[in-house]
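Visitor: Under the numbering used here, the residue at position 43 of the sequence shown is numbered 43, and the numbers go up by one with no gaps.
One structure is given below, represented as structure tokens, and several questions about it will come after.
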Amino acid sequence: MPRIDLKIWSVVIFTCLIGVIVIAMFVSMSRYSARTNADEPARMTQIILDAAVQCYALEGSYPPDLDYLTEKYGIQLDNNQYYYYYNNQIGNMLPEIQVLPKDGAL
């Protein structure tokens with residue numbers, strides 16, 4: 001009757017534990033990434049709004065368009081993943097801002 005060595009069992013158990021830990025980390029990172037991507041449009045909307053308010057504080061009027069914010073205030077827009085809506089019909093009223101994901105972006 002063959003006898004199973006204790007070293008072999010400890011290596012097998014250790015390998016299984018490492019595998020479970022790696023799988024748990026992968027699942028956790030996937031969930032975090034999905035949650036972060038879902039929050040991205042709201043975060044980008046807030047960045048644009050903050051830059052517009054900063055422009056109003058410094059210049060006395062809200063920026064006329066998003067190009068102005070990218071040139072003068074350094075915001076970066078990801079036009080490959082999102083549609084941006086910026087409506088500033090009256091220079092001293094808070095502009096309407098929306099960031100919407102393109103199909104398949106999230």
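For glycine and all other residues, C-beta sits at the position ideal for the given N, C-alpha and C.
1. Confirm, please, whether the CB-CB distance from L77 to Y84 is below 8 Å.
2. Report the three-state DSSP secondary structure of Y62 (helix, strand or coil).
3. Using only the alpha-carbon positions, how far apart do A52 and T15 sit?
4. Pull up the DSSP beta-bridge partners for I97, would you.
5. Hey, out of S28, D39 and Q46, whose CA is closest to L94's CA?
Guide: With the given structure in hand:
1. yes
2. coil
3. 54 Å
4. Y86
5. Q46
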